[in-house]
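*Asks:* Starting off with a structure, shown below.
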């Protein structure tokens, strides 16, 4: 389970306080495939980053009771001066995973060739994304966090990502944030909508999509 205990998020801007998430008390199952719908700019990525521990809430706390991934494709955790090989070794140690197995899976997916022994700061954004996605899927998690990344990249990358993800995540839970109803309908069984700072839960994905279509979709 993921327990959101009174979490909120706001930013100070030049035009005043921007409230991204109002005070929220909610439990999210980690053994289900959960979709969070919201407009672009609604705060979906911020919410996912708080759940992942990448960002901190302004108030409250997040309690995680499952082995959870970082957001799939998130490359912000790489140390730029280390090579891909060294970054993978660090992550393998951190999660108590077998280095050789993790390296083989991540390298095969990323297809970065000789760059595997070059500093990550020399990579293009696409190379970083492939490495991050491949490394995310190389480790067995109980719940995967996804920020619309299944639909990102060119057609080949989308097809490859989808195939590998569906194979790797069998039996695992998922928390996917997206503005796209069809993506959420394809992958998720229950849903939530981030609407005007409120995270509104629904027991059925179709109910969430109906609410989103009426209230949020352009």
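In my numbering, the protein residues as written are 18 to 235.
C-beta atoms are modelled at their ideal positions from N, C-alpha and C, and glycine is treated no differently.
On a predicted model such as this, the values are computed, not experimentally measured, just so you know.
When burial is assigned at 16 or more other CB atoms within 10 Å of the CB, is residue 180 buried or exposed?
*Replies:* Exposed, since its Cβ has fewer than 16 Cβ neighbours within 10 Å.
*Asks:* Skipping 5 residues on each side, what residues in its chain have a beta carbon closer than 7 Å to that of residue 195?
*Replies:* 52, 54, 165, 201.
*Asks:* With DSSP run on the structure shown, which of helix, strand or coil describes residue 52?
*Replies:* Strand, per DSSP.
*Asks:* Spell out the partners DSSP gives residue 164 in its beta bridges.
*Replies:* According to DSSP, which records beta bridges pairwise, residue 164 is partnered with 194.
*Asks:* Excluding five sequence neighbours on each side, which residues of the same chain lie with their C-beta closer than 6 Å to the C-beta of residue 229?
*Replies:* Excluding residues within five positions, the ones whose Cβ falls inside 6 Å are 54, 210.
*Asks:* With a threshold of 16 other CB atoms inside 10 Å of the CB of residue 215, please say whether the residue is buried or exposed.
*Replies:* The residue is exposed, with fewer than 16 neighbouring Cβ atoms inside 10 Å.
*Asks:* Which same chain residues, not among the five before or five after residue 221, have their C-beta less than 7 Å away from its C-beta?
*Replies:* Counting only Cβ-Cβ distances below 7 Å, and skipping sequence neighbours, we find 207.
*Asks:* Does the segment 67-74 come within contact of the segment 101-119, defined as at least 3 CB pairs closer than 8 Å?
*Replies:* In short, these stretches do not touch, since the Cβ pair count stays below three.
*Asks:* Would residue 159 pass as a contact of residue 67 if the rule is Cβ separation under 8 Å?
*Replies:* No.
*Asks:* Roughly how many angstroms lie between the CA atoms of residue 18 and residue 24, to the nearest whole one?
*Replies:* Cα-Cα distance, rounded: 16 Å.
*Asks:* Starting from residue 210, follow the beta strand (DSSP E) in both directions and report where the run begins and ends.
*Replies:* Taken as a continuous stretch (DSSP letters only), the beta strand (DSSP E) holding residue 210 covers 207-212.
*Asks:* Under 8 Å Cβ to Cβ from residue 168, same chain only, skipping five residues before and after it: list those, please.
*Replies:* Since pLDDT at residue 168 reaches only 49, below the 50 mark, its modelled position is unreliable, and the value read off the structure follows with that caveat. Correct list, in chain order: 175, 195, 197, 200.
*Asks:* Under the assumption that residue 186 contacts residue 150 (Cβ atoms under 8 Å), give the Cβ distance between them as a whole number of angstroms.
*Replies:* Actually they are not in contact, since the Cβ atoms of residue 186 and residue 150 sit about 13 Å apart, beyond 8 Å.
*Asks:* Helix, strand or coil for residue 215 per DSSP?
*Replies:* In this structure, residue 215 counts as strand in the three-state DSSP scheme.
*Asks:* So what's residue 25 in DSSP terms, helix, strand or just coil?
*Replies:* Strand, per DSSP.
*Asks:* Is it buried or exposed, residue 44, if we count other Cβ atoms within 10 angstroms and call 16 or more buried?
*Replies:* Under this definition residue 44 is an exposed residue.
*Asks:* Taking residue 47 as the reference, give the member of 81, 57, 217, 136 with the closest Cα.
*Replies:* It is 81 whose Cα lies nearest to the Cα of residue 47.
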